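For reference, the structure discussed in these notes is given below.
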Amino acid sequence: MKARVLVTLKSAVLDPQGKAIEGALRSLGVPGVASVRQGKVFDVELDGDDKVRAEATLKDACEKLLANTVIESYRIEFVG
Amino acid sequence: MKSAVLVFPGSNREGDAKRALENVSGSRVSLVWHAETELPTGTDLVVLPGGFSYGDYLRCGAIAARASIMDAVRAHAARGGLVLGICNGFQILCESGLLPGVLVRNARLRFVCREALLKVERTDTPFTRKYAKGAVVRYPVAHGEGNYAADAETLKQLEGDGRVIFRYVTADGRRDDTQVLNGAANSIAGIASEKLNVLGLMPHPENHVDPLLGPTDGRGLFESIAGVLEKA
């Protein structure tokens with residue numbers, strides 16, 4: 001089973017990298033960019049096809065390692 | 081006094097930490113590889129040195145914080161043993177939950193590499209007792225992710241409990257949160273655990289111990305530790 005985990009900075013946390021990218025897009029003349037926030041994507045392949053168990057496993061992985069919940073939040077999506 | 085300096089893949093200041101400990105405190109120092117599960121018998125002090133453990137992959141300090149030796153460090157800290165995390169070591173301590181908060185990318189995305197002025201906020205800790213009250217010391221900083229962040233409640237608690245041990249200050253010793261070195265909340269450079277036996281700081285006291293290289297402001301920190309452990 002394939003899953004995608006998205007880890008993003010909480011909205012209250014300043015994102016200097018996102019800001020720099022936002023500035024670069026503006027200087028390139030890309031129109032209509034209001035703001036950019038950078039995050040991380042993890043594509044994870046899991047054994048078996050029990051979605052409930054897979055979600056619990058990934059949640060555990062996020063809490064233990066993939067996200068630092070002081071500053072980040074995460075979302076789990078199943079692909080395909 | 082026996083010290084253990086941990087070595088993770090990508091640590092690069094373990095030699096400097098070892099040298100400072102040996103020179104200033106006369107400590108016997110062993111280097112301990114991250115995959116070990118136990119600290120050498122009789123370890124009084126554990127040092128997590130600076131560097132770029134695991135290339136700062138995922139988040140700085142994140143992977144090192146989950147190394148097997150860290151369980152032994154947690155047990156050592158729980159027993160009241162001393163733990164010192166410098167730079168990447170501070171980042172690892174935050175990621176491991178031994179200290180609250182997290183170090184994020186510097187404001188303005190600048191890697192800062194220079195001397196910083198720090199106020200020693202408390203001199204009744206095992207790490208700072210040799211400094212004069214209210215002393216301002218010079219330690220070098222060299223980091224891209226030293227911007228201390230924590231939620232408002234955690235900051236309030238740290239301040240209320242007097243757990244901010246080092247704070248960045250201006251040349252005249254004032255705290256000025258608008259003077260951006262790295263953007264750290266409340267100009268925090270170093271904090272301690274509740275029992276004051278775990279200290280994490282971004283600046284490098286181990287750089288300033290040898291008069292041959294200039295200032296020796298960092299000696300006080302290692303002398304403090306040695307003094308505490310000799311008494312014990």
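In the order they appear, the protein sequences are chains U and Z. With my numbering applied, the first sequence corresponds to residues 1 to 80, in that order. With my numbering applied, the second sequence corresponds to residues 81 to 312, in that order. Where is the CB? At the ideal position from N, CA and C, for every residue including glycine. All values derive from a computational prediction rather than experimental measurement.
Contact under 8 angstroms by Cβ, residue i with residue j
i	j	result
L68(Z)	A152(Z)	No answer is possible for residue 68(Z): the residues shown for chain Z start at 81 and end at 312.
G300(Z)	Y211(Z)	yes
A3(U)	V79(U)	yes
F132(Z)	N186(Z)	no
F88(Z)	A144(Z)	yes
G169(Z)	V127(Z)	yes
E239(Z)	L183(Z)	no
Alpha carbon of residue i to alpha carbon of residue j, nearest angstrom
i	j	result
L125(Z)	Y74(U)	36 angstroms
A25(Z)	M282(Z)	With chain Z covering 81 to 312 only, the question about residue 25(Z) has no answer from this structure.
L6(U)	F42(U)	7 angstroms
E94(Z)	L9(U)	32 angstroms
G130(Z)	G165(Z)	8 angstroms
A115(Z)	M150(Z)	9 angstroms
G263(Z)	N227(Z)	5 angstroms
G141(Z)	T234(Z)	20 angstroms
G307(Z)	P295(Z)	21 angstroms
F207(Z)	I172(Z)	19 angstroms
N68(U)	L138(Z)	10 angstroms
D290(Z)	A54(U)	55 angstroms
Boundaries of the alpha helix (DSSP H) in which residue i is found, first to last residue
i	result
L183(Z)	Note, L183(Z): premise wrong, no alpha helix (DSSP H); beta strand (DSSP E) at 182-184.
L25(U)	16-27
C174(Z)	168-176
T234(Z)	232-240
V52(U)	51-61
K82(Z)	Taken as a continuous stretch (DSSP letters only), K82(Z) belongs to no alpha helix (DSSP H), being part of the beta strand (DSSP E) at 82-87.
G270(Z)	Unbroken run through G270(Z) is the beta strand (DSSP E), 268-272; no alpha helix (DSSP H).
G131(Z)	Taken as a continuous stretch (DSSP letters only), G131(Z) belongs to no alpha helix (DSSP H), as it is neither H nor E.
A222(Z)	It is not in any alpha helix (DSSP H) - A222(Z) instead sits in the beta strand (DSSP E) that spans 216-223.
G122(Z)	Unbroken run through G122(Z): none, as it is neither H nor E.
R99(Z)	94-100
Extent of the continuous beta strand (DSSP E) to which residue i belongs
i	result
A229(Z)	227-229
S2(U)	It should be noted that the sequence gives Lys, not Ser, for residue 2(U). Where K2(U) is concerned, the enclosing beta strand (DSSP E) stretches over 2-9.
I149(Z)	Element bounds for I149(Z): not the beta strand (DSSP E) but the alpha helix (DSSP H), 149-158.
K199(Z)	192-200
D43(U)	39-45
Three CB pairs or more closer than 8 angstroms across the segment 171-187 of chain Z and the segment 261-278 of chain Z: With the cut-off at 8 angstroms, the segment 171-187 of chain Z and the segment 261-278 of chain Z touch.
Spell out a yes or no on whether the segment 238-246 of chain Z and the segment 261-271 of chain Z are touching, meaning 3 or more CB-CB pairs, one atom from each, closer than 8 angstroms. Touching, yes.
Counting pairs of Cβ atoms below 8 angstroms between the segment 21-33 of chain U and the segment 55-69 of chain U, do you hit three or more? Contact between the segment 21-33 of chain U and the segment 55-69 of chain U is absent, because fewer than three Cβ pairs lie under 8 angstroms.
For the segment 208-223 of chain Z and the segment 189-197 of chain Z, state whether three or more C-beta atom pairs, one from each stretch, are separated by less than 8 angstroms. A contact exists between the segment 208-223 of chain Z and the segment 189-197 of chain Z.
Report yes or no: do three or more beta-carbon pairs, one from the segment 284-304 of chain Z and one from the segment 254-265 of chain Z, lie closer than 8 angstroms? Contact between the segment 284-304 of chain Z and the segment 254-265 of chain Z is not established, with fewer than three Cβ pairs separated by less than 8 angstroms.
For the segment 10-44 of chain U, enumerate the residues whose C-beta is nearer than 9 angstroms to any C-beta of chain Z, in chain order. Taking a C-beta cut-off of 9 angstroms against chain Z, the contacting residues of the segment 10-44 of chain U are A12, V13, L14, D15, P16, Q17, K19, A20, K40, listed in chain order.
Given a limit of 9 angstroms on CB to CB distance, which residues of the segment 155-181 of chain Z reach chain U? Under the 9 angstroms Cβ criterion, the segment 155-181 of chain Z contributes C174, E175, P180, G181.
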